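Undergrad: Below is a structure I'd like to ask you about.
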Amino acid sequence: MIGLLVSLSGQEPSRVQESDKPAVRVTTRMVQVGVVVHRGSGPLTGLTKEDFQVFDNGKEQRIAALSGGMLHNASEANRGTANPAIQVSSNRADKAAPGLTVVLLDALNTPPSEMVNAKAQVIRCFNQIQGNSSIALYALGGKLVVLHDFTQNIAHLRQVLEEYRAGSLPVFDLNPGRSGLSPNGATAGTPLDRMAAQANTELGAVYAASRAQVTLHALEAIAVHLRPIPGRKNLIWLSSAFPVSIDHIGGRQSFRDETRRLGQTLTDADVAVYPVHTRGLVGVPSADSNARAARRAGANLASTTVPASMQTLADETGGKAYYGTNDLSAAVQKALSDSEGNYTIGFYPAEESLDGKFHELRVRVNLRGVDIRSRRGYFATPESSLTPEQRQARLNEAVASPFESTAIPMKVRLDPADQPKPGSFRVIVGIDLNGLSLAAQGDRRVGRAEMMLVQQSADGRRLQASDETIKLDLPPDEFKRMSADGLVLVKYVEPAVGLYQIRVYVLDSSSGALGSVYAPVAHN
Numbered sequence: 245m246i247g248l249l250v251s252l253s254g255q256e257p258s259r260v261q262e263s264d265k266p267a268v269r270v271t272t273r274m275v276q277v278g279v280v281v282h283r284g285s286g287p288l289t290g291l292t293k294e295d296f297q298v299f300d301n302g303k304e305q306r307i308a309a310l311s312g313g314m315l316h317n318a319s320e321a322n323r324g325t326a327n328p329a330i331q332v333s334s335n336r337a338d339k340a341a342p343g344l345t346v347v348l349l350d351a352l353n354t355p356p357s358e359m360v361n362a363k364a365q366v367i368r369c370f371n372q373i374q375g376n377s378s379i380a381l382y383a384l385g386g387k388l389v390v391l392h393d394f395t396q397n398i399a400h401l402r403q404v405l406e407e408y409r410a411g412s413l414p415v416f417d418l419n420p421g422r423s424g425l426s427p428n429g430a431t432a433g434t435p436l437d438r439m440a441a442q443a444n445t446e447l448g449a450v451y452a453a454s455r456a457q458v459t460l461h462a463l464e465a466i467a468v469h470l471r472p473i474p475g476r477k478n479l480i481w482l483s484s485a486f487p488v489s490i491d492h493i494g495g496r497q498s499f500r501d502e503t504r505r506l507g508q509t510l511t512d513a514d515v516a517v518y519p520v521h522t523r524g525l526v527g528v529p530s531a532d533s534n535a536r537a538a539r540r541a542g543a544n545l546a547s548t549t550v551p552a553s554m555q556t557l558a559d560e561t562g563g564k565a566y567y568g569t570n571d572l573s574a575a576v577q578k579a580l581s582d583s584e585g586n587y588t589i590g591f592y593p594a595e596e597s598l599d600g601k602f603h604e605l606r607v608r609v610n611l612r613g614v615d616i617r618s619r620r621g622y623f624a625t626p627e628s629s630l631t632p633e634q635r636q637a638r639l640n641e642a643v644a645s646p647f648e649s650t651a652i653p654m655k656v657r658l659d660p661a662d663q664p665k666p667g668s669f670r671v672i673v674g675i676d677l678n679g680l681s682l683a684a685q686g687d688r689r690v691g692r693a694e695m696m697l698v699q700q701s702a703d704g705r706r707l708q709a710s711d712e713t714i715k716l717d718l719p720p721d722e723f724k725r726m727s728a729d730g731l732v733l734v735k736y737v738e739p740a741v742g743l744y745q746i747r748v749y750v751l752d753s754s755s756g757a758l759g760s761v762y763a764p765v766a767h768n
């Protein structure tokens with residue numbers, strides 16, 4: 245057990261109370277729907293709740309809340325803490341401005357020459373950005389990598405991108421023939437030649453299926469990471485895409501169902517996908533004197549070569565696919581523009597409608613001449629308690645993930661300490677009580693959470709780990725105070741050799757909500 249709690253407000257410490265009484269838990273779930281409304285070439289701002297209608301499986305819902313509809317304001321987004329001298333690490337979603345955008349460079353599915361061009365055009369786009377877009381930069385190679393999480397410092401993003409090198413992908417070679425059996429003129433037309441061709445076909449199918457699976461899992465991980473952040477999030481996916489149908493000897497392997505399920509997962513997280521096909525107008529003769537014919541040829545080519553995986557994810561999530569263009573920078577800029585001036589609609593579904601199924605959503609704006617983009621649905625899943633095995637599995641997944649988890653807003657501060665021995669750290673963990681699931685038990689609020697502290701090296705290896713159980717039994721006055729000031733836990737840590745950062749995880753034992761923060765260790 246953690247023995248000491250303190251308050252950020254400087255009040256007297258409070259202690260966690262133990263309680264094993266069963267709690268009756270009453271919850272209310274708000275469904276939030278991010279909506280982009282365009283009229284002409286730009287976003288339409290200033291709409292009110294009365295301008296919208298939202299339908300859940302065809303049934304109109306009462307709109308309980310509407311936010312957004314304004315262009316981003318730098319002074320609001322960059323507003324500091326009450327005490328700017330206190331430096332803390334935080335996973336709070338409000339560290340970024342409204343309208344979050346992830347730019348994903350997909351080196352796994354994209355030939356190196358196309359990736360070099362895509363990278364250059366994203367840098368060009370960053371050079372032209374105006375306003376206060378909040379952008380994260382991820383890369384997919386052999387694994388998903390966070391190059392930079394959400395920031396408005398575009399110059400820093402540009403520097404990180406310029407330094408990024410995709411590296412080699414020995415397991416997922418985009419040209420499997422180089423690793424297979426090379427054609428041999430001496431054996432042409434013989435059974436050995438046919439065997440070699442079949443082997444290459446099978447090898448290519450294995451590579452393609454592996455790429456598809458890794459990509460599906462990576463995009464799902466991004467959805468899980470972004471889900472707790474309210475409102476619409478944009479994912480700009482620069483790629484040649486993965487195949488949804490793969491031919492092999494004796495049949496065909498399809499990933500269409502997996503792609504549709506991924507679309508539903510992204511949709512449920514309110515993540516709109518904007519795929520940007522990196523191939524451009526390949527095959528259009530540059531010397532064609534008839535420019536109009538060249539444009540028609542490019543359009544016809546694009547309409548037949550757009551990957552089904554890209555179009556499916558764009559359609560499912562309320563994004564837009566860009567293909568058949570050599571100006572990738574303009575496509576990225578258009579996708580970024582959809583993060584400006586978006587709205588978030590909130591409604592409360594009836595308790596009996598939480599049937600665990602996927603519900604289709606439809607948003608209508610009572611105005612003429614507008615273009616609307618929003619997610620297509622959500623999973624109406626009732627909340628349920630986790631088993632001990634599920635809790636441990638969720639913590640293990642979070643430790644293996646490159647992302648911070650944001651469902652429980654947290655702040656972490658590391659202070660030098662002389663206990664348990666000189667050179668140790670005092671780890672102060674501030675938890676937003678609103679992120680925990682607390683049940684009413686008489687006039688008290690009770691709940692339970694698990695906290696894990698993991699010491700990591702610079703290359704991500706786990707050096708040491710410790711876990712604690714937090715049991716809350718709060719009388720009305722403490723609940724009121726902690727709701728305003730936060731629940732603050734203190735633990736002393738003796739650093740392991742090679743310590744680079746401390747990762748702190750808090751998991752709500754009932755709802756499964758998870759928060760995590762990376763706290764880098766200062767080295768002299």
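Per my numbering, residue 245 is the first one in the sequence shown, and the count goes up by one each step.
Quick reminder that beta carbons are idealized off the backbone N, C-alpha and C, glycines included.
Please read all numbers here as calculations on a predicted model, not as lab measurements.
DSSP state of residue 527, grouped into three classes?
TA: In the sequence shown, counting from the first residue as 1, residue 527 sits at position 283. Low per-residue confidence applies at residue 527: pLDDT is 39, beneath 50, and the placement is therefore not dependable, though the value from the model is reported in the following sentence. Residue 527 falls in the coil class under three-state DSSP.
Undergrad: Can you tell which of 288, 731 and 364 has its C-alpha closest to the C-alpha of residue 312?
TA: Along the sequence shown, read from residue 1 onward, the residue named residue 312 stands at position 68. The shortest C-alpha separation from residue 312 is found at 288.
Undergrad: Using only alpha-carbon positions, find the residue among 631, 410 and 643 that is nearest to residue 710.
TA: Walking along the sequence shown from the start, residue 710 turns up at place 466. The shortest C-alpha separation from residue 710 is found at 643.
Undergrad: Closest to residue 602 by CA distance: which of 623, 763, 587 and 632 is it?
TA: In the sequence shown, the residue the question calls residue 602 occupies position 358. Of the listed residues, the one whose Cα sits closest to residue 602 is 623.
Undergrad: Can you name the start and end residues of the beta strand (DSSP E) that residue 674 belongs to?
TA: Here residue 674 refers to the residue found at position 430 when the sequence shown is read from its first residue. Run containing residue 674: 668–675, per the beta strand (DSSP E) assignment.
Undergrad: Which residue marks the beginning of the alpha helix (DSSP H) containing residue 404, and which one marks its end?
TA: Taking the first residue of the sequence shown as position 1, residue 404 is located at position 160. Note, residue 404: alpha helix (DSSP H), 398–407.
Undergrad: Along the alpha helix (DSSP H) that carries residue 724, what are the first and last residues, could you check?
TA: As a first step, residue 724 is located in the sequence shown; it is residue number 480 there, counting from the start. Segment 720–729, the alpha helix (DSSP H) holding residue 724.
Undergrad: Could you tell me which of 655, 723, 668 and 713 sits nearest to residue 687, measuring between CA atoms?
TA: Position 443 of the sequence shown holds residue 687. For the residues 655, 723, 668 and 713, the minimum Cα distance to residue 687 belongs to 723.
Undergrad: On the criterion of 16 or more Cβ atoms from any shown chain inside 10 Å, does residue 214 qualify as buried, or is it exposed?
TA: What the structure shows of the chain is the stretch from 245 to 768, and residue 214 is not part of that stretch, so it cannot be assessed.
Undergrad: Grouping DSSP H, G and I as helix and E and B as strand, with all else coil, what is residue 512?
TA: Numbered from 1 along the sequence shown, position 268 holds the residue referred to as residue 512. It is helical.
Undergrad: Does the segment 488–495 come within contact of the segment 357–370, defined as at least 3 CB pairs closer than 8 Å?
TA: The segment 488–495 vs the segment 357–370: no contact.
Undergrad: What's the C-alpha gap between residue 468 and residue 755?
TA: To locate residue 468, count along the sequence shown from 1; it is residue 224. To locate residue 755, count along the sequence shown from 1; it is residue 511. Looking at the two C-alpha atoms, the distance is approximately 15 Å.
Undergrad: If you measure between the beta carbons of residue 384 and residue 352, is that distance less than 8 Å?
TA: Your numbering for residue 384 matches position 140 in the sequence shown. Your numbering for residue 352 matches position 108 in the sequence shown. Yes, the Cβ-Cβ distance between residue 384 and residue 352 is below 8 Å.
Undergrad: Is residue 541 helix, strand or coil when you go by DSSP?
TA: Looking up residue 541 in the sequence shown gives position 297. Only weak support is given to the placement of residue 541: the predicted model assigns it a pLDDT of 39, under 50, and the question is left unresolved by the model.
Undergrad: With DSSP collapsed to three states, give me the class of residue 503.
TA: One-based indexing of the sequence shown puts residue 503 at position 259. It is helical.
Undergrad: Can you give me the start and stop residues for the alpha helix (DSSP H) that residue 649 sits inside?
TA: For the purposes of this step, residue 649 is identified with residue 405 of the sequence shown, where counting begins at 1. Here residue 649 belongs to no alpha helix (DSSP H), and DSSP marks it neither H nor E.
Undergrad: Going by alpha carbons, who is nearest to residue 283 out of 581, 662 and 600?
TA: For the purposes of this step, residue 283 is taken as the residue at position 39 of the sequence shown. Ranking 581, 662 and 600 by Cα distance to residue 283 puts 581 first.
Undergrad: Just to confirm, is the Cβ distance from residue 476 to residue 516 under 8 Å?
TA: What you label residue 476 is simply residue 232 of the sequence shown in a count that begins at 1. What you label residue 516 is simply residue 272 of the sequence shown in a count that begins at 1. Their beta carbons are under 8 Å apart, which means residue 476 touches residue 516 by this criterion.
Undergrad: Check residue 592 in the structure and name its three-state DSSP category.
TA: Residue numbering aside, residue 592 sits at position 348 when the sequence shown is read from its first letter. Residue state, collapsed to three classes: coil.
Undergrad: Would the beta-carbon of residue 714 fall within 8 Å of that of residue 728?
TA: Taking the first residue of the sequence shown as 1, we reach residue 714 at position 470. Taking the first residue of the sequence shown as 1, we reach residue 728 at position 484. Contact flag unset, no.
Undergrad: So the candidates are 362, 473 and 447; which of them puts its Cα closest to the Cα of residue 679?
TA: Locating residue 679 in the sequence shown gives position 435, counting from the first residue. It is 473 whose Cα lies nearest to the Cα of residue 679.
Undergrad: According to the neighbour-count rule (16 or more other Cβ atoms, all chains shown, within 10 Å of its Cβ), is residue 274 buried or exposed?
TA: Indexing the sequence shown from 1 puts residue 274 at position 30. Burial call: exposed.
Undergrad: Determine, using beta carbons only, whether residue 335 and residue 761 come nearer to each other than 8 Å.
TA: Counting from one through the sequence shown, the residue named residue 335 turns up at place 91. Counting from one through the sequence shown, the residue named residue 761 turns up at place 517. For residue 335 and residue 761, yes; Cβs fall inside 8 Å.
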